[in-house]
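J.:
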Ligand code: DC
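Numbering (my numbering), first residue to last: 185 to 411.
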């Protein structure tokens with residue numbers, strides 16, 4: 185399956201990242217996490233003390249930022265100007281501002297260029313919000329993952345607790361609701377399922393079941409052939 189391109193989109197905490205990594209591993213593909221790229225630009229903006237609402241300044245910073253990603257031994261790393269920021273981009277502060285930074289067309293254009301360059305190598309599972317609709321409209325398989333807000337709050341809370349981050353369910357609910365609203369209503373490449381996407385509601389599914397559904401789709405469409 186070395187030339188296959190799979191696009192996985194969906195709202196925050198719908199299970200995209202884990203699923204993308206596992207699907208990639210099963211099929212011998214490379215995962216690409218585009219949300220991590222928006223997070224890396226957000227981290228740089230915050231470090232520089234720039235107001236995320238200042239579109240012109242944020243776009244200027246984005247255009248001067250070198251973002252790269254690679255997966256080694258199953259571990260996906262995100263680099264910002266050569267620095268490994270894979271951990272630091274997951275802080276609640278970055279999560280709070282990332283949707284604001286991601287709505288600027290100037291930021292998106294720069295990152296989409298990088299994403300298309302990475303995907304061009306082929307054999308990729310790319311996850312984000314606009315992959316099937318905008319970044320890779322010719323992807324071989326398009327998946328849109330959704331889950332109830334309750335379940336997404338529960339998952340994000342468990343994830344942050346495991347990392348020792350102290351937040352309440354209410355704070356997470358607010359953050360997810362705000363991000364859903366900004367991501368779905370922005371003018372440029374908003375979050376929505378592609379017309380030809382296969383929609384999976386993961387509310388009552390385990391990670392293994394989500395992965396299996398996608399693998400099944402791949403086999404239905406291509407058998408064991410390499411597309
Ligand atoms: O998947 P994530 O939670 O790490 O994504 C962080 C934010 O980045 C998300 O709230 C919206 C933005 N994003 C986007 O606009 N387009 C993408 N392709 C991926 C993420």
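Where a beta carbon is used, it is the ideal one built from N, C-alpha and C, also for glycine.
Would you kindly work out how many angstroms separate the C-alpha atoms of residue 294 and residue 246, rounded to a whole number?
T.: Rounded to the nearest angstrom, the two C-alpha atoms are 7 Å apart.
J.: Using 6 Å as the cut-off, classify the Cβ of residue 362 as near or not near the heavy atoms of the ligand DC, replying yes or no.
T.: No, since every heavy atom of the ligand DC falls outside the 6 Å radius drawn around the Cβ of residue 362.
J.: Please go through the same chain and pick out, in chain order, the residues whose beta-carbon is closer than 7 Å to the beta-carbon of residue 380, but skip the five residues on each side of it.
T.: Once the five neighbours on either side are set aside, the close Cβ partners of residue 380 are 326.
J.: Any heavy atom of the ligand DC inside 6 Å of the beta-carbon of residue 313?
T.: Checking the Cβ of residue 313 against the ligand DC gives yes.
J.: Considering Cα atoms alone, identify which of 348, 317, 336 and 351 is closest to residue 193.
T.: With distances taken between Cα atoms, residue 193 lies closest to 317.
J.: Taking contact to mean at least 3 C-beta pairs separated by less than 8 Å, is the segment 214 to 232 in contact with the segment 336 to 354?
T.: No contact exists between the segment 214 to 232 and the segment 336 to 354.
J.: Between the C-alpha atoms of residue 274 and residue 204, what's the straight-line distance to the nearest angstrom?
T.: Going by the C-alpha atoms only, they are around 17 Å apart.
J.: Taking DSSP as the reference, what is the three-state secondary structure of residue 186?
T.: Coil at residue 186, not helix or strand.
J.: Give the list of continuous beta strand (DSSP E) stretches no shorter than 3 residues that lie fully inside the segment 310 to 357.
T.: Counting whole runs of 3 or more residues, the segment 310 to 357 contains the beta strand (DSSP E) stretches 325 to 330.
J.: How would you call residue 195, buried or exposed, if buried means at least 16 neighbouring beta carbons within 10 angstroms?
T.: The residue in question, residue 195, is buried, as its Cβ has 16 or more Cβ neighbours within 10 Å.
J.: Take residue 387 as the anchor and find which of 358, 336 and 278 has the nearest alpha-carbon.
T.: Taking only the C-alpha atoms, the option nearest residue 387 is 336.
J.: Out of curiosity, what's the CA-to-CA distance linking residue 233 and residue 206?
T.: One C-alpha to the other measures close to 36 Å.
J.: Could you tell me which of 272, 377, 287 and 370 sits nearest to residue 321, measuring between CA atoms?
T.: Closest by alpha carbon: 377.
J.: Indicate whether the contact test is met: 3 or more Cβ pairs, each with one atom in the segment 359 to 372 and one in the segment 297 to 304, closer than 8 Å.
T.: Contact fails: fewer than three Cβ-Cβ distances are below 8 Å.
J.: Taking residue 272 as the reference, which of 349, 364, 284 and 208 has the closest Cα?
T.: The shortest C-alpha separation from residue 272 is found at 349.
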